[in-house]
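**Student:** Structure in structure tokens, see below.
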Amino acid sequence: MASNKSKGVAIFRVVSGNFLEMYDFMVYGFYATAIAKTFFPGDNPFASLMLSLATFGAGFLMRPLGAVFLGAYIDRHGRRQGLIITLGLMAMGTLLIAFVPGYATLGVAAPLLVLFGRLLQGFSAGVELGGVSVYLSEIATPGRKGFFVSWQSASQQVAVVFAGLLGVLLNQWLSPQEMGEWGWRVPFFIGCLIVPALFVIRRSLEETPEFEARTHRPSLSQVLRSIGQNFGVVLAGTAMVVMTTVSFYLITAYTPTFGKNELQLSDLDSLLVTMCIGLSNFIWLPVMGAFSDRIGRKPLLLGASALALLTAYPALSWLVREPSFAGLLGVELFERLPRGMRATPFGETLIYYSRMIFAELSGMREELVALESGNLGRVTVGAIPALASSLLTRTIATLKQSHPRLSMSIQVDTSDVLVQALQQDQLDVVLGRIPSGARTDDLVFDSLGEEELCVVVGAQNPLSQARKLDWGELQELTWVLQQHPSPMRGIVNQAFHNARIDLPSSIVETTSIMTLLSLLQQTDMIGITPRSVIEDYPGKHLLAILPIQLEPRLPPYGLITRRNRVHSSAMQTFMASVHAEQARHLAK
Numbered sequence: 000m001a002s003n004k005s006k007g008v009a010i011f012r013v014v015s016g017n018f019l020e021m022y023d024f025m026v027y028g029f030y031a032t033a034i035a036k037t038f039f040p041g042d043n044p045f046a047s048l049m050l051s052l053a054t055f056g057a058g059f060l061m062r063p064l065g066a067v068f069l070g071a072y073i074d075r076h077g078r079r080q081g082l083i084i085t086l087g088l089m090a091m092g093t094l095l096i097a098f099v100p101g102y103a104t105l106g107v108a109a110p111l112l113v114l115f116g117r118l119l120q121g122f123s124a125g126v127e128l129g130g131v132s133v134y135l136s137e138i139a140t141p142g143r144k145g146f147f148v149s150w151q152s153a154s155q156q157v158a159v160v161f162a163g164l165l166g167v168l169l170n171q172w173l174s175p176q177e178m179g180e181w182g183w184r185v186p187f188f189i190g191c192l193i194v195p196a197l198f199v200i201r202r203s204l205e206e207t208p209e210f211e212a213r214t215h216r217p218s219l220s221q222v223l224r225s226i227g228q229n230f231g232v233v234l235a236g237t238a239m240v241v242m243t244t245v246s247f248y249l250i251t252a253y254t255p256t257f258g259k260n261e262l263q264l265s266d267l268d269s270l271l272v273t274m275c276i277g278l279s280n281f282i283w284l285p286v287m288g289a290f291s292d293r294i295g296r297k298p299l300l301l302g303a304s305a306l307a308l309l310t311a312y313p314a315l316s317w318l319v320r321e322p323s324f325a326g327l328l329g330v331e332l333f334e335r336l337p338r339g340m341r342a343t344p345f346g347e348t349l350i351y352y353s354r355m356i357f358a359e360l361s362g363m364r365e366e367l368v369a370l371e372s373g374n375l376g377r378v379t380v381g382a383i384p385a386l387a388s389s390l391l392t393r394t395i396a397t398l399k400q401s402h403p404r405l406s407m408s409i410q411v412d413t414s415d416v417l418v419q420a421l422q423q424d425q426l427d428v429v430l431g432r433i434p435s436g437a438r439t440d441d442l443v444f445d446s447l448g449e450e451e452l453c454v455v456v457g458a459q460n461p462l463s464q465a466r467k468l469d470w471g472e473l474q475e476l477t478w479v480l481q482q483h484p485s486p487m488r489g490i491v492n493q494a495f496h497n498a499r500i501d502l503p504s505s506i507v508e509t510t511s512i513m514t515l516l517s518l519l520q521q522t523d524m525i526g527i528t529p530r531s532v533i534e535d536y537p538g539k540h541l542l543a544i545l546p547i548q549l550e551p552r553l554p555p556y557g558l559i560t561r562r563n564r565v566h567s568s569a570m571q572t573f574m575a576s577v578h579a580e581q582a583r584h585l586a587k
């Protein structure tokens, strides 16, 4: 399962059964009103609907049991074998709901059989979700677990779209009376017809190499003991998915019922909205999974949860007040003005995060293309001029010998510009210094060392032979200094201030280290630069460091990254190489 193609096939095979799980849940939610009339008849339509939805919810009560018992099974006997069993249980539940006669024929046995079918589906779903997620995480390439596991949920969106499309077609072909009497069973029949194909697909699954390599395979009693010993962690993990589960079923399974019963919209409108939701989810789930590989799971979960909590009640309240197809499709993102349109707070939030996501998508696409072609990956590095011409150059020379397929993009600029680009996700890492006054709460600084500034002239300059000098002798000469304003220029200005002398009246400013060194070699100008620049310069014999002490010393330099970001394999390789090269240099 080493190639990208074989992993793509494995993803398709494992998520195929996941399709049936979500398809059954969606179809039941779509036709909850018709199911209520068939199996839970009564004088109060609301009470009947609540009984139907309670039966739908009963499946969720069985999920924890399925997760424990079937989860222990797949941990002991393998992912493949366990996932085949879950598909069988799910199919049995679908058959029961599809073929059980209504209350008018079987009496109270009818709703009990439907309830049993839902419990079977819930029991199997308890490990279907977890088992598929574990399988995908075990076959994922390094640094891509979020992207791989996201296909577990993305496959469910295919079921949402398929169920919604089927509902739209049935509503076109059948009358409301026919749909209520028998038409709602058609999607369940179709689900039964799909089952054999899904069995064939899932039977072709290979066991994950990670599971086969395990020597310890716990028994049920060991699993139960572990749950008891780590119940707090289990409870926290369970609570983490509450927001996702509630919001997902609210906008998918409950949408047709809500649109029809509360908003008084047509079945067609409600089902079309559900299809659009499914399509949107299918597109964004893998994108956000890949995004979580870049920024980490926690910030993404917190941001999405906060957005859902802040927008759910206003959006639903507005829908009830002004029901419409467009409203059900999404909250208002823009508002009309006499001379145009402007974004609402919802729209501004969407625009902000969309820009950030598309910036990540561009980098993800380039990295995936690199991986597909056999490369190690891609890393975008920002470096200040002094380190770009010294430590970074040495690192790249060494790194390309051991990892020739690593793609790199280098941006050279001042620390303040580079750190801002890093915070805007335009760079993966910065080799430089933390600028004074910069916001650092979202940054991680990995110090590599300190160095001092030195005053430099060309070897042909008469001052190069001097053994002792003071600032007063140099002030009237022409100096080559860093561009103003920049962090380095601020330090240079502070050095002149500490020496109690004014800045030279004749200054040439440049951001280029090479321009500075060339001017020193070809003229009698004087420059200030970090000592490492001179020590690593191939033509250092053409330069001379003057015997003048400069204060203050430069701030520490190092690797700057974003906090709570998951580093790709290319990024980890680059950072390790920088550390190794710095250690070799200091050991000389």
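Note that numbering that gives the first Met the number 0 has the sequence shown beginning at 0, numbered continuously upward.
In this text, a Cβ means the ideal position worked out from N, Cα and C, and glycines have one as well.
(1) Among the residues of its own chain, which have a CB less than 6 Å from the CB of valine 479, if the five just before and after it don't count?
(2) Counting only runs that start and end within the stretch 463-501, where is the alpha helix (DSSP H) found for 4 or more residues in a row?
(3) On the CB-based measure, 16 or more other CB atoms within 10 Å of its CB, does alanine 103 come out buried or exposed?
(4) Taking DSSP as the reference, what is the three-state secondary structure of alanine 405?
(5) So, using beta-carbon positions, are glycine 288 and phenylalanine 146 closer together than 8 Å?
(6) In chain order, what residues of the same chain have a beta carbon less than 7 Å from the beta carbon of phenylalanine 553, not counting five sequence neighbours either side?
(7) What is the rounded straight-line gap between the Cα of valine 13 and the Cα of leucine 447?
(8) Is it true that the CB of isoleucine 294 sits closer than 8 Å to the CB of valine 418?
(9) My output table needs one value for serine 635: the three-state DSSP class, helix, strand or coil.
(10) Quick one: using the 10 Å Cβ neighbour count with 16 as the cut-off for buried, is threonine 20 buried or exposed?
(11) Measuring CA to CA, which of Tyr72, Gly92 and Ile193 is closest to glycine 590?
(12) Does the stretch 457-472 come close enough to the stretch 409-424 that 3 or more CB-CB pairs lie under 8 Å?
(13) Mind checking who phenylalanine 444 pairs with in its DSSP beta bridge?
(14) So, is alanine 385 buried or exposed, given that buried needs 16 or more other C-beta atoms within 10 angstroms?
(15) State the Cα-Cα distance for the pair methionine 89 and glycine 130, rounded to the nearest angstrom.
(16) Measuring alpha carbon to alpha carbon, tell me which of Ser568, Val380 and Asn17 ends up nearest phenylalanine 198.
(17) Considering only residues of the stretch 187-262, which uninterrupted alpha helix (DSSP H) runs meet the minimum length of 4 residues and lie entirely inside it, listed in chain order?
(18) If you follow the beta strand (DSSP E) that alanine 382 is part of, which residue opens it and which one closes it?
(19) To which residues of the same chain is tyrosine 72 closer than 6 Å at the C-beta, ignoring the five residues directly before and after it?
(20) Is the CB-CB distance between phenylalanine 281 and valine 157 below 8 Å?
(21) Determine the DSSP secondary structure at glutamine 400, reduced to helix, strand or coil.
(22) If you draw a straight line from the C-alpha of serine 435 to the C-alpha of serine 511, how long is it?
(23) Measuring CA to CA, which of Leu112, Gln423 and Leu442 is closest to asparagine 591?
(24) If distances are taken between C-alpha atoms only, which option among Tyr22, Ile547 and Pro503 comes closest to leucine 192?
(25) Decide if histidine 540 is buried, meaning its Cβ has at least 16 other Cβ atoms within 10 Å, or exposed.
(26) By the 10 Å Cβ neighbour count, where 16 or more other Cβ atoms means buried, how is histidine 215 classified, buried or exposed?
(27) For leucine 64, which residues from the same chain have a beta carbon less than 7 Å from its beta carbon, with the 5 sequence-adjacent residues on both sides left out?
(28) Can the beta-carbon of leucine 405 be found less than 8 Å from the beta-carbon of threonine 140?
(29) One question on the structure: do glycine 166 and glycine 277 come within less than 8 Å of each other, judged by their Cβ atoms?
(30) With H, G and I counted as helix, E and B as strand and the rest as coil, what does DSSP make of glutamate 508?
(31) If you count every other CB in all the chains shown that lies within 10 Å of the CB of proline 484, and 16 or more means buried, which is it?
(32) What are the uninterrupted segments assigned as alpha helix (DSSP H) that are 4 or more residues long and contained completely in the stretch 32-106, given in chain order?
(33) Since arginine 79 and leucine 204 should fall inside the 8 Å C-beta cutoff, what is the C-beta to C-beta distance between them, to a whole number of angstroms?
(34) For aspartate 440, count neighbouring C-beta atoms within 10 Å of its own C-beta (all shown protein chains included) and say buried if the count is 16 or more, exposed if not.
(35) In angstroms, rounded to a whole number, what distance separates the CA positions of lysine 297 and leucine 114?
**Tutor:** According to the data block:
(1) Val507, Leu515, Leu518, Met524 and Gly526
(2) 486-497
(3) exposed
(4) One point to set straight first is that residue 405 is leucine, not alanine, in the sequence displayed. Of the three classes helix, strand and coil, the one that applies to leucine 405 here is strand, per DSSP.
(5) yes
(6) The residue asked about is misnamed: residue 553 is leucine in this sequence, not phenylalanine. The answer, listed in chain order, is Glu449, Glu450, Glu451, Leu452, Ile490 and Pro529.
(7) 45 Å
(8) With respect to the 8 Å criterion, valine 418 and isoleucine 294 are not classified as neighbours on the basis of their beta carbons.
(9) Only positions 0 to 587 of the chain appear in the structure, and residue 635 is not among them; the question remains open.
(10) The sequence as given places glutamate at residue 20; threonine does not occur at that position. That one is buried.
(11) Because the chain here runs from 0 to 587, residue 590 falls outside it and cannot be looked at.
(12) no
(13) The secondary-structure analysis by DSSP pairs phenylalanine 444 across a beta bridge with Ile559.
(14) buried
(15) 14 Å
(16) With distances taken between Cα atoms, phenylalanine 198 lies closest to Asn17.
(17) 208-211, 219-228, 230-239, 241-250 and 254-260
(18) 376-382
(19) Gly81
(20) yes
(21) helix
(22) 22 Å
(23) Given a span of 0 to 587 for the chain in the structure shown, any question on residue 591 remains unanswerable.
(24) It is Tyr22 whose Cα lies nearest to the Cα of leucine 192.
(25) With fewer than 16 other CB atoms across the displayed protein chains lying within 10 angstroms of its CB, histidine 540 is exposed.
(26) exposed
(27) Phe122 and Gly125
(28) no
(29) no
(30) strand
(31) exposed
(32) 44-76, 78-98 and 102-105
(33) 5 Å
(34) exposed
(35) For the pair lysine 297 and leucine 114, the Cα-to-Cα distance works out to about 37 Å.
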